Amino acid sequence: MKSIPVPARSLSGHFFEDYRPGQRFVHATPRTITQGDVALYQALTGSRSVMHCAEPVAQAVGHPSLPVDDLLVFHIAFGKTVPDISYNAVANLGYADLRFLTPVYIGDTVSCATDIIGVKENSSGKSGNVYVRSVATNQHGVPVLSWIRWVMVNKRDVKSPAPETVIPDLRAFVPPTELRIFARLRADRLRSEDTGSVKRFGDFVVGETIRHPAGMTLDETDHTLATKLYQNTARVHFDARYMAASAFGKRLVYGGHVISLCRALSHDGLENVLSWAAINGGAHRNPTFAGDTLHARTAVLDTWPLDKRVGALRLRMTGFKNHAPDSDAIPPELTVLDLDYTVLMPR
Amino acid sequence: MKSIPVPARSLSGHFFEDYRPGQRFVHATPRTITQGDVALYQALTGSRSVMHCAEPVAQAVGHPSLPVDDLLVFHIAFGKTVPDISYNAVANLGYADLRFLTPVYIGDTVSCATDIIGVKENSSGKSGNVYVRSVATNQHGVPVLSWIRWVMVNKRDVKSPAPETVIPDLRAFVPPTELRIFARLRADRLRSEDTGSVKRFGDFVVGETIRHPAGMTLDETDHTLATKLYQNTARVHFDARYMAASAFGKRLVYGGHVISLCRALSHDGLENVLSWAAINGGAHRNPTFAGDTLHARTAVLDTWPLDKRVGALRLRMTGFKNHAPDSDAIPPELTVLDLDYTVLMPR
Amino acid sequence: MKSIPVPARSLSGHFFEDYRPGQRFVHATPRTITQGDVALYQALTGSRSVMHCAEPVAQAVGHPSLPVDDLLVFHIAFGKTVPDISYNAVANLGYADLRFLTPVYIGDTVSCATDIIGVKENSSGKSGNVYVRSVATNQHGVPVLSWIRWVMVNKRDVKSPAPETVIPDLRAFVPPTELRIFARLRADRLRSEDTGSVKRFGDFVVGETIRHPAGMTLDETDHTLATKLYQNTARVHFDARYMAASAFGKRLVYGGHVISLCRALSHDGLENVLSWAAINGGAHRNPTFAGDTLHARTAVLDTWPLDKRVGALRLRMTGFKNHAPDSDAIPPELTVLDLDYTVLMPR
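And the structure:
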């Protein structure tokens, strides 16, 4: 990809006409992930994944120390991209081809850079979609996470000419042959008494749906604490005065926090997940606000045996709000999240 | 005690008829306690116990490093028992014979198991009381905490027959001869300038009451963060939509968080407490909700010299809400906590 | 200064007539600062200072490990002074001559002592101003922070005679010749790609004003968590029932939290700040409450080259609330903070 100059950042951030395919943004503020971040993530989400909270269990399956929750790594990396990519975003339209490449451990430092891989002005001429691939690396320069997202960004000047349209190829899902398995993984050593479930890879059936019974009500401080922890500066999450004048009328919950809450709610029934391997695609169907009560449902889309140790499950997680978790149908306007992702599970 | 099979856990949890004396539940999700947990406990409760926040002070009195607050250990251990024991509990009726056995340090990993020691169906036939003893151990298999509690649990099927009634003997208090003192304790090295008080074991008189002046108002995020940190999944604390249909009409604050807040409020006057040694009994007299302002009062029930270094104080902590802390009588309906416990104090 | 006895502390705290110039209060509860404190500070303020969140960057510029944010050290030290100095304060009137002397690292333990340096009874005869200098030291006894503040404190007995008035000399600002620079500092190694800005010492001009565009809405749990983390026990921040009967009608946000939020809001435009060197003076112009949305503006008061590596910028940070951040004038009644401080910046 040819090198295209990156615009200087002003206090008002970038607009649609600042982006051109071929640009690379090296994001500010490398971030060391500490025991404190991990405990906060726990408190903010209610996560019960034993792999991220019990060091002896993590070590038994081959990790040198506690690996950081894949989603916490994602949120921190994502936060770094906001000042350069989505500070003036109107909407975060979607994710694709997200790959968790290498475990991140407490004490590691994550940096992030983003390539602009596509642009398309909207027919209104007031905004456009920007397609980007971001890569997070650890302090050794090893990539730990890579993902595509596309956002709608306002133009600074509606009279600026439309750029040539470039839309990247987006794969429907990360193929099982490309999923990364931690080399030293000893999945056979994960004990059911530590996870609370005997249900492993072979016990999941394509087409099955798990109705997770738990519900969690969100309050303002929950999501603002999480989003500040991730150093995500998007105005829509923090500035209630500004948002009072918006169509929403109030602060929006960061979509990544919704993913984390739904993942925590979906723990029961998926206790033996070793790690997330990919997010194939995802969309925030409706906004989430303080006061909403979230629930989650999981459908098994595909099952792929990978080697003798582990298999991968392609899952569809539906997050919804303010609705009985055990009902058959969920009204579309109460669906907040539709996430297609892949996890590793011991065989 | 004979070994009785434990029922498989479904997503809807266990009900009264699933429990039989002799069953042992080994709880999921061992938990490594980190610096992050300790800082969050500090922020959530306002604790000022120097033994848990000043490493040089802890080391001066014989600890290898900062010991974790006894109540934080309790909440984490308690949280582990919820999915197996009290997921469908109607009420947490009481505690007895809780013993802190060994200090827990930052970096230790706590696991927990519970024996069913009694059952008694209620006269309504709709629910029953389940008596349990839980034991938490560290990563070396050393017991760190043991306690009895009893909870009222709904029946799945009101027509299922009543089990034979078994009620365990409950001791009124842990006798001073059975209190554990940390072997390397150098209580004489606790300096009054570090704790802020010269009042030690010999300065307390049976019958004296301390009216702690501080008050603390609870908000929703306070208690939900704490309860998620402890991985306690009881629905009543998190799901506002579900609770709106209950008699309470709103989320209930986890009773353990109330204990921790009252303990922090009672710090002034009890600054030289070395550790909690036992909880002899306790009850949550009334529910606590977000918006309530808590206060605490302490009565000295007994004073036991244990050795040349330390004595034990048996105390009664009364937690109450929305009432002047300096008034003589507290209306019973505003009392939220009645806790009989024992602390170690330098002589 | 002659040694004057310090009064014994009762549960109701000290009053104006308890203070005499020459007294030294050694405050209780030394505090070890952990990774957990640092993560919480991050989540509570949204700080993006790379020097406090990226260990490799901190090490590149000469630190052995991550230095703790100067303001976090200040809040923890300040909290220690509250029980002895401002428990019965009516108002925190001002700060002066605050100097950051030595970096504090994760794992360090901070203690604090305060000398009474002035008293002046108010004309009403009901209260008086107390002037104090506090010094915080690390576990090696090295001073890390020193500051003067003055508070208005109620009298216990309005009939007690007025003391002789003593008012200390207060310097307008800490002169550049007295600013401390960390000896091993390699400011030249701070990379713009890590901070996100190329704007360094030489790019700032006396008289320039930076209008920081971000806004942050405060909720109750934000400030109460922060204030409990700092073990600050001032009643006005916690007890909503008590405050409902006050002129404010509700809980007051701890002014230090407002400073930290305004500092985080002012990050954009000041990305290359190495550390805070001094607070020359400051006042909380109006109270801040939950629900307020904060903004910050920075004016450059002076620029002092210090050596070949670094220069100092004397800045005036104005914090205001519930008002458009880009408007020309800010109504005085919406100004919450006026802080005159000095930072170090690479040349």
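Line by line, the protein sequences are chains A, B and C. For the record, in the first sequence the residue sitting at position 210 is 1394 according to the working numbering, with numbers rising by one throughout. For the record, in the second sequence the residue sitting at position 105 is 1289 according to the working numbering, with numbers rising by one throughout. For the record, in the third sequence the residue sitting at position 150 is 1334 according to the working numbering, with numbers rising by one throughout. Positions of the beta carbon are idealized from the N, C-alpha and C atoms, including for glycine. Because the structure is a prediction, the values reported are computed rather than measured.
Sequence-distant residues of the same chain with beta carbon closer than 6 Å to residue i, five excluded per side
i	result
T1216 (chain B)	T1293
C1446 (chain B)	A1480, M1501, G1503, L1521
S1270 (chain A)	V1335
L1286 (chain A)	For the record, residue 1286 (chain A) in the displayed sequence is Thr; it is not Leu. Closer than 6 Å at Cβ, skipping near neighbours: V1326, V1328.
T1526 (chain C)	A1461, A1462, A1496, R1498
M1185 (chain C)	Here M1185 (chain C) scores only 46 on pLDDT, less than 50, and its place in the model should not be relied on; the value that follows carries that caveat. The answer, listed in chain order, is G1206.
V1389 (chain B)	none
Extent of the continuous alpha helix (DSSP H) run through residue i
i	result
F1258 (chain A)	1254-1265
G1380 (chain B)	Neither: G1380 (chain B) is in no alpha helix (DSSP H) and is coded neither H nor E.
R1447 (chain C)	1439-1449
A1227 (chain A)	1219-1229
R1425 (chain B)	1424-1428
Nonlocal neighbours in the same chain, by C-beta distance under 7 Å from residue i, ignoring five residues either side
i	result
M1529 (chain C)	R1384, F1385, N1456, V1457, L1458, V1494, G1495, L1497
F1432 (chain B)	P1471
V1288 (chain B)	I1217, P1251, V1252, V1257, V1294, N1322, V1328
S1381 (chain B)	E1455, N1456
P1360 (chain C)	W1488, L1490, A1496
T1408 (chain C)	H1421, F1422
P1191 (chain A)	H1198, D1202
E1517 (chain C)	N1470
K1304 (chain C)	G1312, N1313, T1349, I1351
I1300 (chain C)	Y1203, R1204, P1205, G1206, Q1207, V1314, V1316
Where the beta strand (DSSP E) through residue i begins and ends
i	result
R1208 (chain B)	1208-1210
N1464 (chain C)	1459-1467
I1365 (chain C)	From DSSP, I1365 (chain C) is part of no beta strand (DSSP E); its letter is neither H nor E.
G1394 (chain A)	It is Ile, not Gly, that sits at residue 1394 (chain A) in the sequence shown. Note, I1394 (chain A): beta strand (DSSP E), 1393-1395.
For residue i, the residue or residues it bridges with in DSSP
i	result
C1237 (chain A)	Paired residue(s): none; C1237 (chain A) is not in a bridge.
M1400 (chain C)	C:L1478
F1504 (chain B)	B:H1479, B:T1519
G1495 (chain C)	C:P1489, C:M1529
A1346 (chain A)	Its beta-bridge partners do not exist; DSSP assigns none.
N1338 (chain B)	B:S1311
S1330 (chain A)	A:R1283, A:V1319
V1358 (chain B)	Answer is none; V1358 (chain B) lacks a bridge partner.
V1420 (chain B)	Note: V1420 (chain B) sits in no beta bridge, so no partner.
I1188 (chain A)	A:Q1207
T1405 (chain C)	Answer by DSSP bridge pairing: none, since T1405 (chain C) is not bridged.
S1215 (chain B)	One detail in the question is off: residue 1215 (chain B) reads as Arg in this sequence, not Ser. In DSSP, R1215 (chain B) forms a bridge with B:V1294.
D1524 (chain B)	B:G1465, B:R1500
Beta carbon of residue i nearer than 8 Å to that of residue j
i	j	result
F1199 (chain B)	N1272 (chain B)	yes
L1374 (chain C)	V1245 (chain C)	yes
N1464 (chain A)	F1366 (chain A)	no
T1298 (chain C)	H1236 (chain C)	no
R1419 (chain A)	A1398 (chain C)	yes
L1485 (chain C)	D1452 (chain C)	no
I1332 (chain B)	V1316 (chain B)	yes
Y1225 (chain B)	S1231 (chain B)	yes
T1265 (chain C)	S1196 (chain C)	no
K1412 (chain A)	A1424 (chain A)	no
G1475 (chain B)	A1223 (chain A)	no
R1208 (chain A)	A1280 (chain A)	no
D1406 (chain A)	L1228 (chain A)	yes
Cut-off 8 Å between Cβ atoms - residues of its own chain near residue i, not counting five sequence neighbours on either side
i	result
G1309 (chain A)	K1339, V1342, A1346
I1514 (chain A)	R1481, T1502, F1504, H1507
Y1414 (chain C)	H1259, I1260, F1262, G1263, Y1438, G1440
T1477 (chain C)	G1399, M1400, T1401, L1402, K1505, N1506
* To do: Run through the region 1242-1326 of chain C for me and flag every whole beta strand (DSSP E) of 3 or more residues, listed as ranges in chain order.
  => 1273-1284, 1293-1305, 1311-1321
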